[in-house]
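J.: Chains as they are written, first to last, in the working numbering: chain A, 1 to 239; chain B, 1 to 626.
Input: one structure, supplied below.
Next up, the structure:
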């Protein structure tokens, strides 16, 4: 019996899940979007951003790490949770130095897109204005830590997919930063084709000379809000 | 065969020292790594040994450690850079870390720190030009009953005065420059010098009927070994024993779940990372009754079918290392550890000590396990719980020092006897660490259910303005609530009770506790990493007399988000200093508020000061508005 599918509900919607799936995986497959930032479908979950936090049978837990279980009652799209999520997005904005209008990732950026989706008009929290380092030493790849949100996608991808461990954290707390496995990026084994380079949700790790191939206005989140692709599955299913 | 751990912290270094006359860093590190079996999971030990040998952990050292272990340097740096006591930059030959807590500050720590800095010729946080002294603040070091206190190269000095600071610096300055970059204090190098207070007072203020009763070493253990493991666990359930670290999880249930998990090995971990500011009862237990604690761990080993026990000892308690190792060694000699423990055929059990390195978060059980595995102390998401997948991904029961002491007593005297003390929900007694404005700070063993009033009477404090129960992560209790009880069902505490007398500022204390969480947030999750810093900023605005009603609302909303969205107990309680003072002392906030509907964080004068300075002119009238 343990290998058979089961169901649980999220915001009153019945969702089918397979054993071993997390809540976010089951909901993605069913076309129910839970806002998230550090989660990436090809990587092990890490539970950094907490944006996907839901109330699961009355207790708060991150949907990216919580295994789905039969009969669970999940609350996600509630005013209180969305307020908290908006505050988390706002925290990430004020923690770094994010200048959307001049950022080459504007329109591709998941942080920016979530800000729009969750109705973050203007930050109300005090800016921290940290000093962050750039690393342009690599011929093909550029790191701008001003935009890093410490989601560890690159760390996980480099370790588990690329088998290189180019990235890691350094320090703790508010002083934590993205570190590379050498003095600078050009001394590491990273290549532009690596998974680690392609999973950054913001504009921290970018491939040089590609930033404006898609003009502003024609980019993914210029066309539709973040999560629309997932929600489209359910819309299709209903027809 | 089970491994018999006989190592001490210095042996691997001694080997490394002996291996070469003038060894290169890579050779030194190779020897250290080999001394720890080239095990990636022993990275805490390896790095601490390297630091003790070389004084700090340089980039070169990190690369050498990584090479010797066959891992990436970035992974080693990830771990090393996490811990406050691991130096990524060279420090003075004498590293003075002063405990900074509301208690130490009320006892004059600021003046002592200034005196140390002045005598050493440094600013606080800096290292003297001659490389002799580093003077820094650190979080609570478990000496709240004898503040101001400091760690000097790992040795604890307590009840310091400004005069002591000058004497200590003078004595250390005269000490010979030995080969060891970090001489032990007050070791051979400093002999003959006048060094006051180079010891810790045990400070057991009041014994109680359970933990500190008279008993014989090993009695509880021998009683347990005559029963089945299942019935030992049943006895814990019957005694309604709950975890003494503060969370109060039922020990019997934890052990039952752990025992049920199928695995090649199970582990018993003693959480001696007593980091909650104001707590020091585990320090006293490990000083007075280490055998009782090891008895309890061994009983747990028997009950869970575990052969390995680990004690995670906070780095601040490194001074207890040698005596604990001696106790363990003695137990091996007496047959209380090792092969066929107490003659019980087939029961092999031994205990290893793991020293922490300055991280409050490692008191959280999953962070502690990560640290035991040689990683940064970031908590894990649950499930899976440690009872399913803990240390080395095997079933692990992590219990507090005091819990193990209770375990041994329960096996010695029976569950009914134990449950005869305390309340229905909170059986037994609790060791409370009393500090602050009270005449006899120390550890008091009292039955659960004692009211704050009764406790204050017991310690002789007639006029407490507020009492912090459970440390910064606990609650700030106002006089109107002194009738409340210390128990899991009312005021829950791991044992920290800080008493604040008349005239103490409740918001200053809340500010210091908030700063503590900023320092100790591991950084893994957004709400705690960023939220704690933002809480501090908003609180600063209010305490800087620029707060309005809107700031109070913003503070409360942010505090609630941090509480609801954080990943682990640290973040979920990091806003408690603010939330409980907002609830219990609203008048303290109101007294600070300005009547305006909005005030910017900084004044126009402040904002323009730099520009005006650069222009080399005086501010005009319009620029001086606030």
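Backbone N, C-alpha and C define an ideal beta-carbon position, used for all residues, glycine too.
The structure displayed is predicted, hence computed values, not measured ones.
If the cut-off is 7 Å on Cβ atoms, which residues from the region 43-75 of chain A count as contacting chain B, listed in chain order?
T.: The region 43-75 of chain A vs chain B, Cβ under 7 Å: 47, 48, 49, 50, 53, 60, 62, 65, 67.
J.: With a threshold of 7 Å on Cβ separation, who are the neighbours of residue 191/B within its own chain once the five nearest residues in sequence on each side are excluded?
T.: Position 191 of the second chain, counted from the start, is the residue given in the question as residue 191/B. Confidence in residue 191/B is poor, its pLDDT being 39 and thus under 50, which makes the residue's placement too unreliable to answer from.
J.: In terms of DSSP beta bridges, what is residue 88/A paired with?
T.: Within the first chain, residue 88/A is the residue found at index 88, counting from 1. Answer is none; residue 88/A lacks a bridge partner.
J.: Could you tell me which residues DSSP puts in a beta bridge with residue 94/B?
T.: As a first step, residue 94/B is located in the second chain; it is residue number 94 there, counting from the start. Paired residue(s): 133/B.
J.: Could you work out which residue in 45/A, 72/A, 76/A, 51/A is closest to residue 65/A when comparing CA atoms only?
T.: For the purposes of this step, residue 65/A is taken as residue 65 along the first chain, with counting starting at 1. The shortest C-alpha separation from residue 65/A is found at 45/A.
J.: Could you compute how far the alpha carbon of residue 473/B sits from the alpha carbon of residue 513/B?
T.: As a first step, residue 473/B must be located in the second chain, where it is residue number 473. As a first step, residue 513/B must be located in the second chain, where it is residue number 513. When rounded, the distance between both Cα atoms is 8 Å.
J.: Taking 8 Å as the cut-off, is the CB of residue 374/B close to at least one heavy atom of the ligand HEM?
T.: The ligand HEM is absent from the structure shown, which contains no ligand whatsoever.
J.: On a CA-only basis, which of 450/B, 552/B, 247/B is nearest residue 402/B? Give me that one, please.
T.: Here residue 402/B refers to the residue found at position 402 of the second chain. Nearest of 450/B, 552/B, 247/B to residue 402/B, Cα basis: 247/B.
J.: Thinking residue 534/B and residue 558/B are a contact (beta carbons under 8 Å), I'd like their distance in whole angstroms, please.
T.: Stepping through the second chain from its first residue, residue 534/B is reached at position 534. Stepping through the second chain from its first residue, residue 558/B is reached at position 558. Confirmed, Cβ separation roughly 6 Å.
J.: Is the shortest distance between the beta-carbon of residue 97/A and the beta-carbons of chain B less than 9 Å?
T.: As a first step, residue 97/A is located in the first chain; it is residue number 97 there, counting from the start. Not closer than 9 Å to any Cβ of chain B, the Cβ of residue 97/A fails to qualify, so no.
J.: Checking 9 Å against the spacing of the C-beta atoms, do residue 394/B and residue 265/B come in under that value?
T.: Taking the second chain and counting its residues from 1, the one referred to as residue 394/B is at position 394. Taking the second chain and counting its residues from 1, the one referred to as residue 265/B is at position 265. In this structure, residue 265/B lies closer than 9 Å to residue 394/B by Cβ.
J.: On a Cα-Cα basis, can you pick out the residue from 574/B, 310/B, 595/B, 425/B that is closest to residue 627/B?
T.: Residue 627/B lies beyond the stretch modelled for chain B, which goes from 1 to 626, so this question has no answer here.
J.: Could you tell me if residue 586/B is buried or exposed, where buried requires 16 or more neighbouring beta carbons within 10 angstroms of its beta carbon?
T.: As a working mapping, residue 586/B is identified with position 586 in the second chain. When all chains shown are included, residue 586/B counts as exposed.
J.: In the DSSP assignment, find the alpha helix (DSSP H) that holds residue 30/B and state where it starts and stops.
T.: Position 30 of the second chain, counted from the first residue, corresponds to residue 30/B. 25-35 is the span of the alpha helix (DSSP H), which, as asked, contains residue 30/B.
J.: Which of helix, strand or coil does DSSP assign to residue 181/B?
T.: Translated into the one-based positions of the second chain, residue 181/B becomes position 181. In this prediction, residue 181/B scores a pLDDT of 49, lower than 50, which makes its location untrustworthy; no coordinate-derived value is stated.
J.: Taking Cβ to Cβ, would you say residue 67/A is nearer than 9 Å to residue 7/A?
T.: By 1-based counting over the first chain, the position of residue 67/A is 67. By 1-based counting over the first chain, the position of residue 7/A is 7. Against a cut-off of 9 Å, the Cβ pair of residue 7/A and residue 67/A comes out as no contact.
J.: Can you tell me which of 66/B, 56/B, 59/B, 52/B puts its alpha carbon nearest to the alpha carbon of residue 30/B?
T.: Here residue 30/B corresponds to residue number 30 of the second chain, with the count starting at 1. Minimum Cα distance to residue 30/B is reached at 66/B.
J.: Whose C-beta lies closer than 7 Å to the C-beta of residue 97/B among residues of the same chain, with five residues either side of it excluded?
T.: Taking the second chain and counting its residues from 1, one reaches residue 97/B at position 97. 136, 138, 150, 151, listed in sequence order.
J.: Examine the Cβ distances between the region 557-571 of chain B and the region 603-613 of chain B and report whether three or more of them are shorter than 8 Å.
T.: No, the region 557-571 of chain B does not touch the region 603-613 of chain B.
J.: Which partner residues of residue 485/B appear in the DSSP bridge assignment?
T.: If you number the second chain from 1, residue 485/B lands on position 485. Beta-bridge pairing links residue 485/B to 451/B.
J.: For residue 143/A, does the count of other Cβ atoms within 10 angstroms reach 16, so buried, or fall short, so exposed?
T.: Indexing the first chain from 1 puts residue 143/A at position 143. Classification of residue 143/A: buried, given that the 10 Å Cβ count is 16 or more.
J.: Check each residue of the region 369-398 of chain B: if its Cβ is closer than 8 Å to any Cβ of chain A, include it; give the result in chain order.
T.: Hits within the stretch, in order: 376, 381, 383.
J.: Residue 505/B to residue 26/B, Cα distance in whole Å?
T.: Mapped onto the second chain, residue 505/B falls at position 505. Mapped onto the second chain, residue 26/B falls at position 26. So the two alpha carbons sit approximately 53 Å from each other.
J.: Which complete alpha helix (DSSP H) runs does the region 172-202 of chain A hold, if anything under 4 residues is left out?
T.: The qualifying runs are 195-198.
J.: Near residue 292/B, which residues of its chain fall below 6 Å by C-beta distance, leaving aside the five closest residues on each side in sequence?
T.: As a position in the second chain, residue 292/B is number 292, starting the count at 1. Contacts found: 405, 408.
J.: Can you find the residues in the same chain that come closer than 7 Å, C-beta to C-beta, to residue 548/B, ignoring five residues on each side of it along the sequence?
T.: Here residue 548/B refers to the residue found at position 548 of the second chain. Taken in chain order, the residues that qualify are 593, 594, 596, 597, 598, 599.
J.: Residue 710/B: which of 48/B, 351/B, 211/B, 440/B sits nearest, CA to CA?
T.: The question about residue 710/B has no answer here: the residues shown for chain B are numbered 1 through 626.
J.: Residue range of the beta strand (DSSP E) that residue 432/B falls in?
T.: The residue you call residue 432/B lines up with position 432 of the second chain. Residues 429-436.
J.: List the residues of chain A that residue 78/B touches, going by C-beta distances under 8 Å, in chain order.
T.: Sequence index remark: in the second chain, residue 78/B carries index 78 (1-based). Near residue 78/B (Cβ distances below 8 Å), the residues of chain A are 168, 169, 170, 179.
J.: Indicate whether residue 469/B and residue 434/B have their beta-carbon atoms separated by less than 9 Å.
T.: Counted from its first residue, the second chain places residue 469/B at position 469. Counted from its first residue, the second chain places residue 434/B at position 434. It is not a contact, given that the beta carbons lie outside the stated cut-off.
J.: In this structure, what does DSSP give as the bridge partners for residue 143/A?
T.: If you number the first chain from 1, residue 143/A lands on position 143. In DSSP, residue 143/A forms a bridge with 135/A, 205/A.
J.: Here's the rule I'm using: 16 or more other beta-carbon atoms within 10 Å means buried, otherwise exposed. How should residue 589/B be labelled?
T.: Taking the second chain and counting its residues from 1, the one referred to as residue 589/B is at position 589. Buried, by the Cβ-count rule.
J.: For residue 579/B, report the span of its alpha helix (DSSP H) as first-last.
T.: Indexing the second chain from 1 puts residue 579/B at position 579. Per DSSP, residue 579/B belongs to the alpha helix (DSSP H) from 576-584.
J.: Check whether the region 445-465 of chain B and the region 413-428 of chain B are in contact - that is, three or more C-beta pairs closer than 8 Å.
T.: Enough Cβ pairs lie closer than 8 Å, so yes.
J.: Is it right to say residue 262/B is buried, meaning 16 or more other beta carbons lie within 10 angstroms of its own, or is it exposed?
T.: For the purposes of this step, residue 262/B is taken as the residue at position 262 of the second chain. When all chains shown are included, residue 262/B counts as exposed.
J.: By the 8 Å beta-carbon criterion, what residues does the region 507-527 of chain B contribute toward chain A?
T.: So the list reads 518, 519, 520, 521, 522, 523, 524, 525, 526, 527, given in the order they occur along the chain.
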